[in-house]
Each structure stands twice: as C-alpha cells, then as structure tokens.
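Encoded as structure tokens, the structure appears first; notes follow it.
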Amino acid sequence: MTTQLNRRGFIRLAGLGGVVFASGLSGWASAANNAGNAASDFFFVQMSDSHWGFEGAPNPDARVTLPKAVAAVNALEQVPDFIVFTGDLTHTTDDPQERRKRLSEFKQIVEKLNVKQVYFMPGEHDAGLDQGAAYQEYFGKTHYTFDHKGVHFIVLDNVSDPGASIGDEQLSWLAADLDKLAPDARIVVFAHRPLFDLYPQWDWATRDGAKAIALLMPHTNVTVFYGHIHQENHHMTGHIAHHSAKSLIFALPAPGSQPKRAPLPWDSTQPYRGLGFRAIAAVQKNSAPTLTEFPVSKG
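With the sequence shown counted from 1, adding 237 to any position gets you our numbering.
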C-alpha cells in the first residue's frame, strides 16, 4: 500500500542508517504551492544495477545480494509510494534462453517487494544484445511516462540502441511530451546511462544525451536519476541536477581514477561496502527533493 510521508515520518526514514543529501534542484515547493498544493508529500525508492545472474569476484554473495536488498527495502518503516529500478536488472549473456531465465528469476524476486507499484527500465545488460526484445516480454515498454501526486515522471531508454543513443524517434516522443507541460512543471527523468558526458572512455555517457538535456532545459524544475556507474555521483547541467545510484551487486571506481573500469575488490571485513539503494522524498516544505542513501546489510 502507499503512505503519505510527513516531516516526522521522513525523519524516522532518514534515521535508519541512511546518509541524507539535499538535491541541487530548486523550485519543487514553489511549483507545488502555485498549483494550489495539488501535490502531497511522498517518497519513492530507487534501486539499480542488480545484475542478476552475475557470478564470481568481486561479490561472493551474488546469489543473495538482491534478496537482501529487497528485504532491506521492506524493512523501511515508511512504505514507499513506489519503487523504480534504473536498469541492468540482469547480467548480460549471449544465450537468449539464459537471458529470459534471468529476467524471469529477477521478476520473481522483486515481486516480494512490499509496495503497490514497481517501475522498471532496461540497462544495456538487459537490452543491448537484442534491442530490448526479451526485456519487453517481461516488463513491457522501455520508455514511457507516468504521473504521481503532481510530479511528471519520464523513463528514457538509452540502452536498447547498441550505440548508446536515445535515437531521433524517442527524442521526438520526448519533445512532444514536454510540450504538454508548463515551464515550471515538476519533472523527474529516469535513465540508465548518464545523459551528460561523465566519462565516455568508460561508456559513461549517452551519444545524443545533450539533445535530451536541451529539450529539458526550458523547464525549470527537472531532476534526473540514473544508474550504470555503480556509485553515487551528483552533477549539474545548468539548473538540472543528475544523481547516479549505487549498485546492488558490485561497486565501480570513480571516473578515470584508475586505468581500467574494473570492479572494486570485495572487502571481507566490510561486505557490501559501496552497495545500496536510495529514497527520494518530495516534501512540500523543502525547496528540493531530499535523497537518503541506504546500505545493503549483510544481515
């Protein structure tokens, strides 16, 4: 079921071992007030990069990490309004039958989440080898929109194209969707890869992401959440804040911090270090959404 998040409830949420970060986005509260307080307080959870089917180093607990993450989300005192997975649900495989097996197993695990609605999007590991064909059999469209309590959510697909592009057709779809919105509409965008050039040498970019950002730029209240880089990162393109999420399987190094994009070693003294999920709270009294980072517990 869903629940409204009040100030006291969010303080309890943030006290469950999370690290709180206030987004750089401004204007959420004023936009809600200008709409006659049509949007009530709420929060949702972002989970990303579970790579179900991955085996071996650096995560010796690969078969149990996702179920533990599901249990951690279910243990939150406040029930999220919804949960979104920002891609790489499964680990890549050349075998179409194995790809579908992994998608099916992932779906069975996350069906245990205690929440009314879960939204999905593919990562390149899910969709890059077959342009999202198998993914769509289990989870439907790879790009879409939905609305929740006065906020417009846009899910972009920048992975089904093996060339890491959104594509002209989807960009036209995005432009048409944005044309229907007021300049100060509250907008949240989900993508798997970063829309900006974070570190193209490691495939941490979207070839035509700048075109998507240009379409979003006239709107004053936009935040982007993405995955792919297996770590927390915060970046601004003009007034648009971009926030990457931690992975649920293994951590990756900071952009350009080492010669190769190799997973960080497993630390047996601190298992699950660098792994986690986040809660995003839209509280009317705040001028920005508040992000709370939660670890995956070894328990």
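Ideal Cβ positions, reconstructed from N, Cα and C, are used throughout, including at glycine.
Same chain only: Cβ atoms within 6 angstroms of residue i, ignoring 5 sequence neighbours per side
i    : result
V459 : I424, L453 and I477
F383 : F390
H471 : H480
Y381 : V392
G261 : The predicted position of G261 is uncertain, since its pLDDT is 41 and thus under 50; a value taken from the coordinates is nonetheless stated next. For G261, where only same-chain residues beyond five positions count, the Cβ hits under 6 angstroms are M473 and A478.
T379 : P359, G369, D394 and S397
P295 : F487, P500, P502 and W503
L313 : none
F343 : W289, L326 and T327
G404 : D398
Outcome for residue i when other beta-carbon atoms lying within 10 angstroms are tallied against a minimum of 16
i    : result
S481 : buried
D363 : buried
V539 : Past the boundaries of the shown model lies residue 539; the chain is included only from 238 to 536, so the question cannot be answered.
S287 : buried
D434 : exposed
V437 : This sequence places Pro at residue 437; Val is not what is there. P437 comes out exposed.
G360 : buried
T529 : buried
K497 : exposed
R244 : Summary for R244: the model assigns pLDDT 42, below 50, so the residue's position carries little reliability; its value from the coordinates is reported in the next sentence. The residue in question, R244, is exposed, as its Cβ has fewer than 16 Cβ neighbours within 10 Å.
N270 : For N270, the predicted structure reports a pLDDT of 34, less than 50, and the residue's modelled location is therefore unreliable. A value from the coordinates is still provided. Counting Cβ neighbours within 10 Å, N270 comes out exposed, since fewer than 16 surround it.
N311 : exposed
R430 : buried
T506 : exposed
P526 : buried
A442 : buried
S494 : exposed
G511 : buried
V533 : buried
A428 : buried
Nearest-angstrom beta carbon gap, residue j and residue i [assumed within contact, 8 angstroms]
i    : j    : result
F291 : H328 : 4 angstroms
S397 : G369 : 4 angstroms
L411 : A449 : 6 angstroms
G464 : D278 : Actually they are not in contact, since the Cβ atoms of G464 and D278 sit about 25 angstroms apart, beyond 8 angstroms.
L415 : H467 : Incorrect: roughly 30 angstroms between the Cβ atoms, too far for contact.
L485 : F514 : 7 angstroms
Y375 : S341 : 7 angstroms
V461 : V426 : 4 angstroms
R337 : A371 : 5 angstroms
F531 : A519 : Rounded, the Cβ-Cβ distance is 18 angstroms, inconsistent with contact.
Cβ neighbours of residue i in the same chain (closer than 7 angstroms, five flanking residues each side left out)
i    : result
S267 : The pLDDT assigned to S267 is 34, lower than 50, so where the model puts this residue is not dependable; a value taken from the coordinates is nonetheless given after this. Nothing meets the Cβ criterion.
G400 : R444
G273 : With a pLDDT of 32 at G273, under the threshold of 50, the modelled position of this residue cannot be trusted, and the question is left open.
V352 : V316, P317, F319 and I320
Q354 : F319
L303 : S287, W289, I346 and L485
G475 : M454
Extent of the continuous beta strand (DSSP E) run through residue i
i    : result
Y381 : Y381 to H385
G513 : G513 to A519
I450 : Counting along the chain, I450 falls outside any beta strand (DSSP E), though it belongs to the alpha helix (DSSP H) covering G446 to L453.
N470 : N470 to T474
H362 : H362 -> not in any beta strand (DSSP E); alpha helix (DSSP H) instead, spanning E361 to A364.
F279 : F279 to M284
L528 : T527 to P532
A294 : Segment: none, A294 is in no beta strand (DSSP E) and carries neither H nor E.
Element boundaries [alpha helix (DSSP H), containing residue i]
i    : result
P333 : P333 to V347
R430 : Run containing R430: none; DSSP gives neither H nor E here.
N311 : A299 to N311
S409 : D405 to D416
A370 : A370 to F376
Beta carbon proximity, residue i to chain D, threshold 8 angstroms
i    : result
M358 : You won't find chain D in this structure, because it holds only one protein chain.
Own chain residues within Cβ distance below 8 angstroms of residue i, not counting five before or after
i    : result
D331 : L366
E335 : G290
Q407 : H380, L393 and D394
M284 : A306, V310, I320, V321, F322, T323, A482, L485 and F514
A422 : A268, H389, H456 and N458
Any non-hydrogen atom of the ligand NAP within 7 angstroms of residue i CB
i    : result
H479 : No copy of the ligand NAP appears in this structure; indeed no ligand is present at all.
Exercise. Taking one C-beta from the stretch 306-313 and one from the stretch 343-356 each time, how about it: are there three or more such pairs within less than 8 angstroms?
Worked result: The answer is yes - the stretch 343-356 touches the stretch 306-313, with three or more Cβ pairs under 8 angstroms.
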